[in-house]
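A.B. asks: Take this structure first; my questions come after.
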Amino acid sequence: MRIVPISYPVSVDLEQEGVEPKVAAIGQFDGLHLGHTSVLAEAIRIAREQGVPAAMITFFPHPKDVIGKGNYEGYLTPQQDKQELLEAMGIDILYVVEFNLEFSRVSPEAFVEEVLLPLKLQTAVVGFDFRFGHKGEGDAVRLQALGEGRMSVVTIPPLLVEGEKVGSSSIRIALKTGQLADANRWFGRNYRIRGSVVHGEKRGRKIGFPTANLELTDAYVIPALGVYAVLAKTDAQEEWIPGVMNVGVKPTFHDGITKPIFEVHLLDFEGDLYDQIMTVDLVQYIRKEHKFESVQELIEWIQRDAVEARKILKVGES
Numbered sequence: 115m116r117i118v119p120i121s122y123p124v125s126v127d128l129e130q131e132g133v134e135p136k137v138a139a140i141g142q143f144d145g146l147h148l149g150h151t152s153v154l155a156e157a158i159r160i161a162r163e164q165g166v167p168a169a170m171i172t173f174f175p176h177p178k179d180v181i182g183k184g185n186y187e188g189y190l191t192p193q194q195d196k197q198e199l200l201e202a203m204g205i206d207i208l209y210v211v212e213f214n215l216e217f218s219r220v221s222p223e224a225f226v227e228e229v230l231l232p233l234k235l236q237t238a239v240v241g242f243d244f245r246f247g248h249k250g251e252g253d254a255v256r257l258q259a260l261g262e263g264r265m266s267v268v269t270i271p272p273l274l275v276e277g278e279k280v281g282s283s284s285i286r287i288a289l290k291t292g293q294l295a296d297a298n299r300w301f302g303r304n305y306r307i308r309g310s311v312v313h314g315e316k317r318g319r320k321i322g323f324p325t326a327n328l329e330l331t332d333a334y335v336i337p338a339l340g341v342y343a344v345l346a347k348t349d350a351q352e353e354w355i356p357g358v359m360n361v362g363v364k365p366t367f368h369d370g371i372t373k374p375i376f377e378v379h380l381l382d383f384e385g386d387l388y389d390q391i392m393t394v395d396l397v398q399y400i401r402k403e404h405k406f407e408s409v410q411e412l413i414e415w416i417q418r419d420a421v422e423a424r425k426i427l428k429v430g431e432s
């Protein structure tokens, strides 16, 4: 997959990018959930049918992060994660438009004339709720009108899963309230985070449950505090390793911590993980974080969590 950054006023070599026609899905697509992938799948299908490259046009940073609007609190799928998923899906070209205050003021007409058409888009594929241009004044209908005779527009209806519309806002709420099963069902995969393994207090090692402490690589949406059954691996490993992750503020040992700490205990694993990048898939939410009366009570609960994680992840089953 070829990645092409675009800044406004447009600075890419449009003579090169406009050589061949292409089909492109357009949108923020934070989360790349099932609703988003239905848009992308249609763009890829049309592109393959027409024998042209399948592209995606997205925006970074997230518009809400730039203009401070709405309830933006981190990414469901940061840029690196998004790129890996898109390449696996079969996207040929990823155009990443730099979203800044200047670009936020671009009119719908200017976006079409100065960005889309020079890229020689012959078909744009968008979701039913697609908005573009200054203050979101453009929608799919306006995009079609602006591109009439030069670019066709395909609009994908909302995707329903068990009667519910799949959307990024619903996924964010589900993650923050411990409804991981709902979030993963709407993602069509496990929620994934990534972080660098850093030195912690080493308290887990002293009580028999060594943990990898993660410093997240990106501003992810933070899931509900509590214990999760997870699968994890580092860049140095090929196999996913089952484990238990605690997202919390260590209430048994500390007061006043507000920033959640991510601690991963890998089951049946020994080795030095410091300074490695660890990828963690959240498979199932086990319980809320508790403040325990003693270290011994904490140990007993951690043991229960490990047993529960083994059951969930089918560790030891043939």
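The sequence shown begins at 115 in my numbering and counts up by one.
Beta carbons: idealized from backbone N, C-alpha and C, even for Gly.
Which partner residues of L381 appear in the DSSP bridge assignment?
C.D. replies: Paired residue(s): none; L381 is not in a bridge.
A.B. asks: Report the partner residues of F173 according to the DSSP bridge assignment.
C.D. replies: V211
A.B. asks: Below 7 Å CB to CB, which residues in the same chain sit around S432 once its five sequence neighbours on both sides are set aside?
C.D. replies: Residue confidence is low: S432 scores 48 on pLDDT, short of 50, so the model does not pin down where it sits. No coordinate-derived value is stated.
A.B. asks: If you draw a straight line from the C-alpha of A326 to the C-alpha of I416, how long is it?
C.D. replies: 15 Å
A.B. asks: Where are the alpha helix (DSSP H) runs, 4 residues long or more, that stay fully inside the region 235-286, in chain order?
C.D. replies: 254-260
A.B. asks: Give the range of the alpha helix (DSSP H) segment to which S221 is assigned.
C.D. replies: First-last for S221: undefined, no H or E at that position.
A.B. asks: Considering only the alpha carbon of each residue, which of K428, V394, S152 lies closest to R308?
C.D. replies: V394
A.B. asks: Report all residues from its chain with a CB closer than 8 Å to the CB of V429; omit the five preceding and five following residues, and keep chain order.
C.D. replies: The residues are P356, L381, D382, A423.
A.B. asks: Could you check which residue in L328, K373, I160 has the C-alpha nearest to that of L339?
C.D. replies: K373
A.B. asks: How many angstroms separate the CA atom of P177 from the CA atom of G250?
C.D. replies: 11 Å
A.B. asks: Contact between the region 192-204 and the region 213-233: three or more CB pairs below 8 Å?
C.D. replies: no
A.B. asks: What would DSSP say about P232, mapped onto helix, strand or coil?
C.D. replies: helix
A.B. asks: Give a yes or no on whether the C-beta atoms belonging to L396 and V344 are separated by under 8 Å.
C.D. replies: yes
A.B. asks: What residues in its chain sit with their C-beta under 7 Å from that of P175, if we drop five residues either side in the sequence?
C.D. replies: Excluding positions up to five away in sequence, the list reads F213.
A.B. asks: Mind checking which residues open and close the alpha helix (DSSP H) that includes G141?
C.D. replies: First-last for G141: undefined, no H or E at that position.
A.B. asks: Can you tell me which of V240, V267, G145 puts its alpha carbon nearest to the alpha carbon of G281?
C.D. replies: G145
A.B. asks: Consider the C-beta atom of R264 and the heavy atoms of the ligand FMN; say whether any pair is separated by less than 7 Å.
C.D. replies: With respect to the ligand FMN, the structure offers nothing, as it holds no ligand at all.
A.B. asks: Does the Cβ-Cβ distance between V210 and P119 come in under 8 Å?
C.D. replies: Yes; because the gap between Cβ atoms is below 8 Å, this pair is in contact.
A.B. asks: Rounded C-beta distance between R303 and I207? I'm assuming under 8 Å.
C.D. replies: Under the criterion of beta carbons closer than 8 Å, R303 and I207 do not qualify as touching, at roughly 23 Å.
A.B. asks: Please name the residue or residues paired with P192 in a DSSP beta bridge.
C.D. replies: According to DSSP, P192 bridges with nothing at all.
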